[in-house]
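Inspection log for the structure reproduced underneath, given as structure tokens.
There are 2 protein chains.
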Amino acid sequence: MMELRLLRYFVAIAEERHFGRAAARLHMTQPPLSRAIKQLETDLGVVLLHRSATGVEPTPAGNALYTEARTLLEQAEQARARVTAAADAVTLTIGTLADSAEEAGTRLAATFRRRHPKVSIRIREADFTDPTTGLRNGLADVALTRLPFDGIGISVRVLRSDPVGVVLRADDPLAGRDTVCLADLADRPWFQLPEGTDPIWRAYWNGATPVGERPAGPVVRTVNECMQAVLWNGTVGIAPLIHALPDGLTWVPLTDMPPSSLVVAWATEHESPLVRSFAHIAVETYRSAHT
Amino acid sequence: MMELRLLRYFVAIAEERHFGRAAARLHMTQPPLSRAIKQLETDLGVVLLHRSATGVEPTPAGNALYTEARTLLEQAEQARARVTAAADAVTLTIGTLADSAEEAGTRLAATFRRRHPKVSIRIREADFTDPTTGLRNGLADVALTRLPFDGIGISVRVLRSDPVGVVLRADDPLAGRDTVCLADLADRPWFQLPEGTDPIWRAYWNGATPVGERPAGPVVRTVNECMQAVLWNGTVGIAPLIHALPDGLTWVPLTDMPPSSLVVAWATEHESPLVRSFAHIAVETYRSAHT
DNA sequence: CAAGCCCGATACCGTACTGGTATCTTCGCT
DNA sequence: AGCGAAGATACCAGTACGGTATCGGGCTTG
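The following block contains the structure:
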């Protein structure tokens, strides 16, 4: 059956007059395109393109399909807009752990706004205290956050997995090392997370060992406070290896810590199409972002 | 992405207000429909249907989508018509082996005409002499015929596989049997196919044994002649067990003959989108016809 | 009010389709 | 004649799709 996907492909090829370029534009490779066009031709029972060694040339039927497909896709886009506009105006609250402002994160926001222009977005920045950013008590509808945390009642999709490392002062004896392991840090004071913090989360950022067995460091609530603690005290901090670090700090990869996953999460019982849509867009965005 | 398939599904449900009935109308089962609608809702980020124990009720967005989808599908249909109309007028010659007028065969013709209104169809009835119905010399573009035959240069898609049986006079001693095997027919005269007939084909309809080793029967060129030969001489005829037999004839299933496949076939080097379309429609039609 | 029933959702499975990698064929150009 | 570019083909892996079986939850009905 004629599907919009095939029309999108055909439009790209008709405009580029070249399978390879069209494939690049569609973020795919050339062979599936050949098949797709062949399938479209089979469906319509008509030759759409004359192939040659220099490129392709639409047949009369191909030209006709080009204009038809353009308008059809255009109308489909407008239809989608009208349908979403017919729904009640809603607000989506996105809880975030302050580190989602990276490259793919902005792409995510752009895509989501483009697809749901009528949805007003509210960002709720959470501190280090609550990895679920208030999903459970309705303060956020969906969260961009990090594993691990207590996942009861929470649905999670992994977007990316980041290795973690120690954040150190530049003049620290370990700062020159290529890698360190937890044993190297055994005698350092670790920062503490406040009472009431998710225990799984708390344990992870304390190096997966009981808090009581180390010299106590300061209590921190935000990433910034964490950085400050490293800078001013000899405190050990660990973080995913993606942050741009302020002057005077470096990080060294930790070999024996499981990587931390960036995830999109939501309260399972509050799942809604809009939340699913956000999650879907998120995994799509991050998938195409670096594969 | 929004695809026409999902819109077709949604329209059916919106009209039936019932997943089960819509599924029946779409020739499928209910669970995939649930998933499809959920996917559509996720894509649009909007609830389309209120589910209840009595059926479904479209939300405002659902009603909007219903009208949008209707027009969109309508426009897609018109677009297809305009595109095929833009192609040069063509004639498709269908070679047939005289037994394709059965139930699914007419459905095939109807579907093909509906999808390609601008294509004029010419039927070329072939006699028993040429199982390819003139595909090789261009007398036919596609054939509805039976295996086995020499397939060099011919592309084949199987539509259905029919057991074969002996055609006997009603007063024949074997006529009462439930099944017979080739050995039971060893001393009967078999009809002959003319010189020049495809040898594989010829061997098959002569019971897969060399012609010379049996009493010679009459030479036949058509199915009708074959029937007549059975009726008037003691000749043995075998046929797929689908023909309505004239009075005075019965058939008995043959246990040791491979079944004969009804196929759609075309000359590989003359393959065209229209031919592929015909073949595609053919396999679709026969698949849904009896599964 | 309890039991049965109807309807949609979910779980699970096998197949088909979609997209990727590697390679081939062909045609144009040097 | 040989090289290079473009599209086609072969093959593989991952995902999507449709089917079967089963669940959960409101109505209905005795």
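Taken in sequence, the protein lines are chains A and B.
Following the working numbering, the numbering of the first sequence begins with 404 at its first residue and continues without gaps.
Following the working numbering, the numbering of the second sequence begins with 404 at its first residue and continues without gaps.
The C-beta atom is built at its ideal place from N, Cα and C for all residues, glycine as well.
All of these numbers come straight from a predicted model, not from anything done at the bench.
Item to check | Where Gly-498(B) falls, given that 16 or more other Cβ within 10 Å makes a residue buried | outcome: If you number the second sequence from 1, residue 498(B) lands on position 95. The residue in question, Gly-498(B), is buried, as its Cβ has 16 or more Cβ neighbours within 10 Å.
Checklist entry - Within 8 Å (strictly less), CB to CB, does His-683(B) reach chain A? => result Translated into positions along the second sequence, residue 683(B) becomes position 280. Yes, its Cβ sits closer than 8 Å to a Cβ of chain A.
Item to check | Any chain B beta carbon closer than 8 Å to Ser-558(A) | outcome: Start at 1 with the first residue of the first sequence, and residue 558(A) comes out as number 155. Chain B contact via Cβ: absent.
Next on the checklist: Looking at Gly-620(A): is its Cβ nearer than 8 Å to the Cβ of Ala-606(A)?
Outcome noted: As a working note, residue 620(A) is residue 217 in the first sequence. As a working note, residue 606(A) is residue 203 in the first sequence. No; because the gap between Cβ atoms is not below 8 Å, this pair is not in contact.
Checklist entry - Are there 16 or more other CB atoms within 10 angstroms of the CB of Asn-609(B), so buried, or fewer, so exposed? => result By one-based count along the second sequence, residue 609(B) stands at place 206. The C-beta of Asn-609(B) has 16 or more other C-beta atoms within 10 Å across all chains shown, which makes the residue buried.
Item to check | Identity of the residues DSSP links to His-453(A) by a beta bridge | outcome: Against the first sequence, residue 453(A) aligns to sequence position 50. Per DSSP, Glu-460(A).
Next on the checklist: Short of 6 Å in beta carbon distance, which residues of its chain neighbour Tyr-469(B), apart from the five on each side in sequence? Order them along the chain.
Outcome noted: As a position in the second sequence, residue 469(B) is number 66, starting the count at 1. For Tyr-469(B), where only same-chain residues beyond five positions count, the Cβ hits under 6 Å are Ala-417.
Next on the checklist: Can you look up Gly-423(A) in the DSSP assignment and give me helix, strand or coil?
Outcome noted: Here the question's residue 423(A) lines up with position 20 in the first sequence. Shown here, Gly-423(A) sits in a helix according to DSSP, grouped into three states.
Checklist entry - Leaving out five residues before and five after Glu-359(B) in sequence, what residues of the same chain have Cβ atoms less than 7 Å from its Cβ? => result With chain B running from 404 to 694 in the structure shown, residue 359(B) is simply not present.
Checklist entry - To the nearest whole angstrom, what separates the beta carbons of Gly-448(B) and Ser-680(A), a pair I think is in contact under 8 Å? => result Looking up residue 448(B) in the second sequence gives position 45. Looking up residue 680(A) in the first sequence gives position 277. About 4 Å; that satisfies the 8 Å criterion.
Item to check | Limits of the unbroken alpha helix (DSSP H) element including Thr-638(B) | outcome: Counting from 1 along the second sequence, the entry for residue 638(B) is found at position 235. It is not in any alpha helix (DSSP H) - Thr-638(B) carries neither H nor E in the DSSP assignment.
Item to check | Contact with chain B by Met-405(A), beta-carbon distance below 8 Å | outcome: Within the first sequence, numbered from 1, the residue matching residue 405(A) stands at position 2. Yes, contact with chain B.
Checklist entry - Who are the near neighbours of Leu-429(B) in its chain, counting only those whose CB is closer than 8 Å to its CB and skipping five residues on each side? => result Taking the second sequence and counting its residues from 1, one reaches residue 429(B) at position 26. For Leu-429(B), where only same-chain residues beyond five positions count, the Cβ hits under 8 Å are Arg-411, Tyr-412, Ala-415, Leu-436.
Next on the checklist: Please tell me whether Leu-652(B) and Val-569(B) are closer than 8 Å, where the distance is taken between their beta carbons.
Outcome noted: Counting from one through the second sequence, the residue named residue 652(B) turns up at place 249. Counting from one through the second sequence, the residue named residue 569(B) turns up at place 166. With a cutoff of 8 Å on beta-carbon distance, Leu-652(B) and Val-569(B) are scored as not near each other.
Checklist entry - Do Val-639(A) and Leu-588(A) have their C-beta atoms closer together than 8 Å? => result Along the first sequence, read from residue 1 onward, the residue named residue 639(A) stands at position 236. Along the first sequence, read from residue 1 onward, the residue named residue 588(A) stands at position 185. Going by C-beta atoms, Val-639(A) is nearer than 8 Å to Leu-588(A).
Item to check | Straight-line gap, Pro-665(B) to Arg-483(B) (C-alpha atoms, nearest Å) | outcome: Mapped onto the second sequence, residue 665(B) falls at position 262. Mapped onto the second sequence, residue 483(B) falls at position 80. The residue you asked about is not Pro; residue 665(B) is Leu in the sequence shown. Roughly 30 Å between the two C-alpha positions.
Next on the checklist: By DSSP's criteria, Glu-528(A) is part of a beta bridge. Which residues make up the other side?
Outcome noted: Along the first sequence, one-based indexing puts residue 528(A) at 125. DSSP, once it has assigned bridges, lists Thr-499(A) as partnering Glu-528(A).
Next on the checklist: Can you find the residues in the same chain that come closer than 7 Å, C-beta to C-beta, to Ser-564(A), ignoring five residues on each side of it along the sequence?
Outcome noted: Against the first sequence, residue 564(A) aligns to sequence position 161. Excluding sequence neighbours, Ser-564(A) sits near Pro-662, Ser-664.
Checklist entry - How would you list, in chain order, the residues of chain A whose beta-carbon sits under 8 Å from the beta-carbon of Glu-444(B)? => result For this step, residue 444(B) is matched to residue 41 along the second sequence. Within chain A, the residues whose beta carbon sits less than 8 Å from that of Glu-444(B) are Pro-676, Arg-679, listed in sequence order.
Next on the checklist: On the CB-based measure, 16 or more other CB atoms within 10 Å of its CB, does Pro-597(A) come out buried or exposed?
Outcome noted: Numbered from 1 along the first sequence, position 194 holds the residue referred to as residue 597(A). So Pro-597(A) ends up on the exposed side.
Item to check | Proximity test, Cβ basis, 8 Å: Thr-487(B) and chain A | outcome: By 1-based counting over the second sequence, the position of residue 487(B) is 84. Contact of Thr-487(B) with chain A is assigned, a C-beta pair being separated by under 8 Å.
Checklist entry - Do we get a CB-CB distance below 8 Å when we pair Pro-463(A) with the residues of chain B? => result Against the first sequence, residue 463(A) aligns to sequence position 60. Closer than 8 Å: yes.
Checklist entry - Of all Cβ atoms in chain A, is any one closer than 8 Å to the Cβ of Trp-460(B)? => result The sequence position of residue 460(B) within the second sequence is 57, counting from 1. Residue 460(B) is actually Glu in this sequence, not Trp. No, no contact with chain A.
Next on the checklist: For Val-678(A) and Thr-494(A), I'd like the C-alpha separation in whole angstroms.
Outcome noted: Sequence index remark: in the first sequence, residue 678(A) carries index 275 (1-based). Sequence index remark: in the first sequence, residue 494(A) carries index 91 (1-based). Whole-angstrom Cα-Cα distance: 11 Å.
Checklist entry - Should Asp-544(A) go down as buried or exposed, given a rule of 16 or more other Cβ atoms within 10 Å for buried? => result Within the first sequence, numbered from 1, the residue matching residue 544(A) stands at position 141. By the neighbour-count rule (16 or more Cβ atoms within 10 Å), Asp-544(A) is buried.
Item to check | Residues near Thr-536(A) in its chain [Cβ-Cβ closer than 7 Å; skip 5 each side] | outcome: Along the first sequence, read from residue 1 onward, the residue named residue 536(A) stands at position 133. Cβ neighbours of Thr-536(A) beyond the five flanking positions: Gly-498, Thr-499, Leu-500, Arg-527, Ala-529, Ala-543, Ala-546, Thr-548.
Checklist entry - Per DSSP, what kind of secondary structure is Leu-550(A) in: helix, strand or coil? => result Numbered from 1 along the first sequence, position 147 holds the residue referred to as residue 550(A). If DSSP states are grouped into helix, strand and coil, Leu-550(A) belongs with coil.
Item to check | Other residues of its chain near Thr-532(A): CB distance less than 8 Å, five sequence neighbours each side excluded | outcome: Along the first sequence, one-based indexing puts residue 532(A) at 129. If we look at Thr-532(A) and ignore the five residues flanking it on each side, its Cβ neighbours are Leu-596, Pro-597, Gly-599, Thr-600, Arg-624.
Item to check | Burial state of Asp-590(B), where buried means 16 or more other Cβ atoms lie within 10 Å | outcome: Counted from its first residue, the second sequence places residue 590(B) at position 187. Residue environment analysis places Asp-590(B) among the exposed positions, since fewer than 16 neighbouring C-beta atoms fall within 10 angstroms of its C-beta.
Item to check | From Gly-458(A), Arg-525(A), Ala-513(A), Glu-444(A), residue whose alpha carbon lies closest to that of Gln-433(A) | outcome: Residue 433(A) sits at position 30 when you count from the first residue of the first sequence. That would be Gly-458(A), whose Cα lies nearest to the Cα of Gln-433(A).
Checklist entry - Per DSSP, what kind of secondary structure is Thr-487(A) in: helix, strand or coil? => result Looking up residue 487(A) in the first sequence gives position 84. If DSSP states are grouped into helix, strand and coil, Thr-487(A) belongs with the helices.
Checklist entry - Can you find a CB in chain A that lies within less than 8 Å of the CB of Glu-477(B)? => result On the second sequence, residue 477(B) is found 74 positions in, with the first residue counted as 1. So no, Glu-477(B) is outside the interface.
Item to check | Per-residue contacts from Ala-467(A) into chain B (C-beta, under 7 Å) | outcome: Along the first sequence, one-based indexing puts residue 467(A) at 64. Contacts between Ala-467(A) and chain B, judged by CB atoms closer than 7 Å, involve Arg-485, Val-486, Ala-489 in chain order.
Checklist entry - Thinking C-alpha only, which one of Asn-540(A), Gly-508(A), Val-567(A) is nearest Gly-556(A)? => result Translated into positions along the first sequence, residue 556(A) becomes position 153. The shortest Cα separation from Gly-556(A) among Asn-540(A), Gly-508(A), Val-567(A) belongs to Asn-540(A).
Item to check | 8 Å Cβ cutoff, Leu-500(B) in contact with chain A | outcome: If you number the second sequence from 1, residue 500(B) lands on position 97. Not closer than 8 Å to any Cβ of chain A, the Cβ of Leu-500(B) fails to qualify, so no.
Next on the checklist: Taking a contact to mean a Cβ-Cβ separation below 8 Å, would you say Leu-538(A) touches Ala-685(A) in this structure?
Outcome noted: Position 135 of the first sequence, counted from the start, is the residue given in the question as residue 538(A). Position 282 of the first sequence, counted from the start, is the residue given in the question as residue 685(A). Taking a C-beta distance under 8 Å as the contact criterion, Leu-538(A) and Ala-685(A) do not qualify as a contact pair.
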